[in-house]
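Here's the structure we're looking at; comments come further down.
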Amino acid sequence: MTAPPLPAGLTSRPLTPADLDATFAVYADAELADCGELMIEPEDIESDWERASFDLSTQSVGVFDGERLVGAAEVFGARRADGAVHTAYGNRGIGSWLAAWTEDLARREGGSRVGQSRFAGGGGDRLLRGRGYREIWTSWVLEVPAATPIEPQSLPPGYELRTFVPGQDEDIAYRLIEDAFNEWPDRTPQTYADWQPRTLGRRGFEPWQVRFAVDGDRTPVAVACTILDVANCAHVDQIAVRADRRGLGLARALLVDAFENGRVRGAIRSDLSTDSRTGALGLYLRVGMTITQTWHHLGLDL
1 MTAPPLPAGL TSRPLTPADL DATFAVYADA ELADCGELMI EPEDIESDWE RASFDLSTQS
61 VGVFDGERLV GAAEVFGARR ADGAVHTAYG NRGIGSWLAA WTEDLARREG GSRVGQSRFA
121 GGGGDRLLRG RGYREIWTSW VLEVPAATPI EPQSLPPGYE LRTFVPGQDE DIAYRLIEDA
181 FNEWPDRTPQ TYADWQPRTL GRRGFEPWQV RFAVDGDRTP VAVACTILDV ANCAHVDQIA
241 VRADRRGLGL ARALLVDAFE NGRVRGAIRS DLSTDSRTGA LGLYLRVGMT ITQTWHHLGL
301 DL
């Protein structure tokens, strides 16, 4: 399916690093319109652009009204796409044009399916479904509100928690996360060079944001990565437990530890996202989290 040409007076070109703030403004405006809450930060976009496998000059596009950026899209690994249109320019066909651009690029780069995660019932959700996209999985954002007490979670005998050590733990953290996440269906494996900008290479990273559960031999067997955002929310971005150590309560202990570390550093709430591929929703509900948003990952077979 193709989209009509851009409306008269609009132009397109690849994005450049100088477009970061303008791109954030477009994505933030669209996110607020869809779900009424701003979660995205400039660092999220920046870390995506810094992935080793991503070429901003060929895998991104911006739509401009004169010098003003009014829409943007990117495609990662010929599989995952992001895109948004500023609400002041809605209902003009820009979203359809951007969706068609992502589909064409993914197809040219050998992808068999392209998909985007969209807020349930939002404008992007409706647009993609109208283009024939189907629901691949469901994601939820869960939160521990500021007033909710964080109940302590004990570790099994012989285990303890420790903080990330720069120069020692980079590959350990990556391997724990990558091995666990690769068990999910419909996931593209990620290299260290693509993973690092999102976590250890993110602006403002500090060692406390990565915590390990270690066994009696001091071997790390589980890990949690936390981001403290500008809205003073401690976001648990990634949590993983080695397959042979699951069911011991390590994930619960790391989760509560992340919430506590965030509060000590000024976080007024804590959140995370999970999806239907992980089977972890029940765990998060049991530690007192509540669902605040629902998103759908919609895919189109190319």
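Numbering of the sequence shown is given in the UniProt record's numbering, commencing with residue 1 and proceeding in unit increments.
Beta carbons: idealized from backbone N, C-alpha and C, even for Gly.
Using beta-carbon positions only, say whether residue i and residue j come within less than 9 Å of one another.
| i | j | result |
| --- | --- | --- |
| V241 | V214 | no |
| V287 | R263 | no |
| D186 | R277 | yes |
| F259 | V223 | no |
| S139 | S273 | yes |
| residue 342 | V144 | No answer is possible for residue 342: it lies beyond the span of the chain, which begins at 1 and ends at 302. |
| D65 | L10 | yes |
| G122 | D19 | no |
| E74 | L15 | yes |
| R108 | V114 | no |
| V207 | F164 | For the sequence presented, residue 207 should be read as Pro rather than Val. Their beta carbons are under 9 Å apart, which means P207 touches F164 by this criterion. |
| L283 | L255 | yes |
| P4 | S112 | no |
| H296 | E135 | yes |
| Q168 | D257 | no |
| D72 | L105 | According to the sequence as given, residue 72 is Ala; it is not Asp. Result no, Cβ atoms of A72 and L105 do not sit closer than 9 Å. |
| E170 | L302 | no |
| L300 | Y174 | no |
Measure the C-alpha to C-alpha separation of residue i and residue j and round it to an integer number of angstroms.
| i | j | result |
| --- | --- | --- |
| S60 | D44 | 15 Å |
| G130 | D21 | 30 Å |
| F181 | S53 | 19 Å |
| D125 | R118 | 5 Å |
| S270 | A234 | 5 Å |
| A280 | Y159 | 22 Å |
| A267 | Q209 | 13 Å |
| G90 | A84 | 10 Å |
| residue 322 | P189 | Only positions 1 to 302 of the chain appear in the structure, and residue 322 is not among them; the question remains open. |
| I40 | Y27 | 8 Å |
| A30 | A120 | 13 Å |
| D275 | W101 | 27 Å |
| P7 | I239 | 44 Å |
| Q116 | P166 | 34 Å |
| T261 | L285 | The amino acid at residue 261 is misidentified as Thr; the sequence shows Asn. Approximately 20 Å between the Cα atoms of the pair. |
| I177 | A243 | 11 Å |
| P157 | E151 | 19 Å |
| A25 | I172 | 35 Å |
| P17 | W184 | 32 Å |
| G216 | C225 | 22 Å |
With DSSP as the reference, please indicate the residues paired to residue i in a beta bridge.
| i | result |
| --- | --- |
| residue 304 | No information on residue 304 is available, as it lies outside the stretch 1 to 302 that the chain covers here. |
| R80 | F76, G115 |
| R233 | Note that residue 233 corresponds to Cys in the displayed sequence, not to Arg. DSSP output for C233 lists R269 as bridge partner(s). |
| T292 | DSSP, once it has assigned bridges, lists no residue as partnering T292. |
| V61 | A73 |
| D275 | S139 |
| N202 | In the sequence as displayed, the identity of residue 202 is Arg instead of Asn. DSSP lists no partner for R202. |
| E160 | V214 |
| P220 | V214 |
Roughly how far, in whole angstroms, is the beta-carbon of residue i from the beta-carbon of residue j, given that I think they are within contact range, below 8 Å?
| i | j | result |
| --- | --- | --- |
| V63 | S12 | 5 Å |
| F212 | L161 | 7 Å |
Shorter than 8 Å, the distance from the beta carbon of residue i to the closest heavy atom of the ligand PLP, or not?
| i | result |
| --- | --- |
| F119 | Of the ligands one can find in the structure shown there are none, so the ligand PLP has no counterpart to examine. |
Closer than 9 Å, CB to CB, is residue i near chain B or not?
| i | result |
| --- | --- |
| Q168 | Of the protein chains in the structure, only one exists, and it is not chain B. |
Does the region 44-57 come close enough to the region 195-207 that 3 or more CB-CB pairs lie under 8 Å? yes
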